[in-house]
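Per this note's numbering, the very first residue in the sequence shown carries number 81; after that it's consecutive.
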Amino acid sequence: MPGKLYLIPTLISEEAAAESISAPVVKTVGQLRIFFVEEEKTARRFLKKIIPGLPLPECVFYPLNEHTGAQQVKEYFQDIREKEAGIISESGCPCVADPGADIVLLAHKNHMEVIPLAGHSSILLALMASGLNGQNFAFNGYLPKEKDARIKQIKELEKRSLTEGQTQIFMETPYRNQNIFEDLLAACDPGTLLCVAVDLTGAAQDIKTLSIKEWKQANRTIAKKPALFLLGRGK
Numbered sequence: 081m082p083g084k085l086y087l088i089p090t091l092i093s094e095e096a097a098a099e100s101i102s103a104p105v106v107k108t109v110g111q112l113r114i115f116f117v118e119e120e121k122t123a124r125r126f127l128k129k130i131i132p133g134l135p136l137p138e139c140v141f142y143p144l145n146e147h148t149g150a151q152q153v154k155e156y157f158q159d160i161r162e163k164e165a166g167i168i169s170e171s172g173c174p175c176v177a178d179p180g181a182d183i184v185l186l187a188h189k190n191h192m193e194v195i196p197l198a199g200h201s202s203i204l205l206a207l208m209a210s211g212l213n214g215q216n217f218a219f220n221g222y223l224p225k226e227k228d229a230r231i232k233q234i235k236e237l238e239k240r241s242l243t244e245g246q247t248q249i250f251m252e253t254p255y256r257n258q259n260i261f262e263d264l265l266a267a268c269d270p271g272t273l274l275c276v277a278v279d280l281t282g283a284a285q286d287i288k289t290l291s292i293k294e295w296k297q298a299n300r301t302i303a304k305k306p307a308l309f310l311l312g313r314g315k
C-alpha cells in the first residue's frame, strides 16, 4: 500500500513561539518517525520545540540538501515508499526555495499521497505585506554574487516588473543585505517601488515599501537578518 509524504512547515524566525505552528500540524507531525531534513540538528531542535515529548531516539533523519545526489534520493525513497514520512526545511515551507521537490516528484510517480501542511511562507508573507501586485509575481531566489552580474539581473527584473506589472521577489543572505540594497538604489529608476521585508515574524520584523527615490532620502541601513526584496511598478 502506498505511503504518505507530509510537507511540514517550520518557523521562519528562531524567536517565533512554538504556537505559531498550528495544532493540526503538531498532531500530524507527532505521529511521524521518519523525516527528510536539511540539517538534522536544526530539525531536532524544531521538533523538540513544538513537541517536547516526541521520542527523538526513535526517529530516523535522512539528510536532504545541496549535497544529496539523485541516486541517494532514490535510495531514500525505497525506504519510505510504503510508510509515512515528512520533509522539514530549515525555514518555512519545504520545496519552495528549499530542497525536497525531487522526493515529492518520486512520491507522485509512485502513487504516494503528498500532503502539504499549512504554515508560514516568507515569500507569501512579504508579498501580502508589500502592497505590490499579488496577482502576477515571480520568485527569483538568490541574485548573482558577482556585482556586475547582479546589477544586470536587477535591471532585467525591474524591466519585467514595469513592462509586465509582475512583482519580482528575491532574497539574499543576511550579511549581503546592505550590498544588494545599495545596488537596487543605484540601478533602479526613482519611481520604481521597492519593498524590503526583514525578519518576518521575528522580534525585529520590519516591512517597508517605498519608491527608490524615497529609499534614497530615508538613508536606511538594512539589518543583517533574513530578508526578502520585492520590485514593483508604481501607481
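The beta carbon of each residue, even a glycine, is placed where N, CA and C say it ideally should be.
- Message: For the segment 84-95 against the segment 105-124, do three or more pairs of beta-carbon atoms, one drawn from each stretch, fall closer than 8 Å, so that the two count as touching?
- Response: Because the criterion of three Cβ pairs below 8 Å is met, the segment 84-95 and the segment 105-124 touch.
- Query: Secondary structure at Val140, three-state DSSP: helix, strand or coil?
  - Reply: Here residue 140 refers to the residue found at position 60 when the sequence shown is read from its first residue. For Val140, the secondary structure class from DSSP, reduced to helix, strand or coil, is strand.
- Task: Name the two residues that bound the continuous beta strand (DSSP E) containing Glu164.
- Result: The residue given as residue 164 occupies position 84 in the sequence shown. For Glu164, the enclosing beta strand (DSSP E) has its first and last residue at Glu164 to Ile168.
- In angstroms, rounded to a whole number, what distance separates the CA positions of Ile131 and Ser201? Locating residue 131 in the sequence shown gives position 51, where the first residue counts as 1. Locating residue 201 in the sequence shown gives position 121, where the first residue counts as 1. Rounded to whole angstroms, the separation of the alpha carbons of Ser201 and Ile131 is 21 Å.
- Hey, how far is the Cα of Leu311 from the Cα of Glu170? Here residue 311 is taken as the residue at index 231 of the sequence shown, counted from 1. Here residue 170 is taken as the residue at index 90 of the sequence shown, counted from 1. Answer to the nearest angstrom: the Cα atoms are 25 Å apart.
- Quick one: using the 10 Å Cβ neighbour count with 16 as the cut-off for buried, is Asp159 buried or exposed? On the sequence shown, position 79 is the one that residue 159 refers to. The residue in question, Asp159, is exposed, as its Cβ has fewer than 16 Cβ neighbours within 10 Å.
- Query: In chain order, which beta strand (DSSP E) runs of at least 3 residues are fully inside the segment 230-261?
  - Reply: As far as the segment 230-261 is concerned, its whole beta strand (DSSP E) runs of at least 3 residues are 247-252.
- Query: At which residue ranges does the segment 150-211 contain complete beta strand (DSSP E) runs of 3 or more residues, listed in the order of the chain?
  - Reply: Fully contained in the segment 150-211 are the following beta strand (DSSP E) runs of length 3 or more, in chain order: 164-168 and 193-196.
- DSSP beta-bridge partners of Ala288: Residue numbering aside, residue 288 sits at position 208 when the sequence shown is read from its first letter. According to the sequence displayed, residue 288 carries Lys and not Ala. Looking at the DSSP output, Lys288 sits in a beta bridge with Val276.
- In angstroms, rounded to a whole number, what distance separates the CA positions of Phe250 and Leu274? For the purposes of this step, residue 250 is taken as residue 170 along the sequence shown, with counting starting at 1. For the purposes of this step, residue 274 is taken as residue 194 along the sequence shown, with counting starting at 1. Looking at the two C-alpha atoms, the distance is approximately 11 Å.
- Where the alpha helix (DSSP H) through Leu127 begins and ends: For the purposes of this step, residue 127 is identified with residue 47 of the sequence shown, where counting begins at 1. For Leu127, the enclosing alpha helix (DSSP H) starts and ends at Glu120 to Ile130.
- Item | Three CB pairs or more closer than 8 Å across the segment 176-194 and the segment 282-299 | The answer is no - the segment 282-299 does not touch the segment 176-194, with fewer than three Cβ pairs under 8 Å.
- Task: Please determine, among Lys129, Ala187, Arg124 and Leu212, the residue with the shortest C-alpha to C-alpha distance to Val153.
- Result: Counted from its first residue, the sequence shown places residue 153 at position 73. For Val153, the closest C-alpha among the options Lys129, Ala187, Arg124 and Leu212 is that of Ala187.
- Item | Stretch-stretch touch, CB-based, cutoff 8 Å, three pairs: the segment 161-178 with the segment 208-216 | Verdict: no, contact absent.
- Task: Figure out for me which residue from Pro143, Ala98 and His191 has the closest Cα to the Cα of Lys84.
- Result: One-based indexing of the sequence shown puts residue 84 at position 4. Looking at the Cα atoms, His191 is the closest of the given residues.
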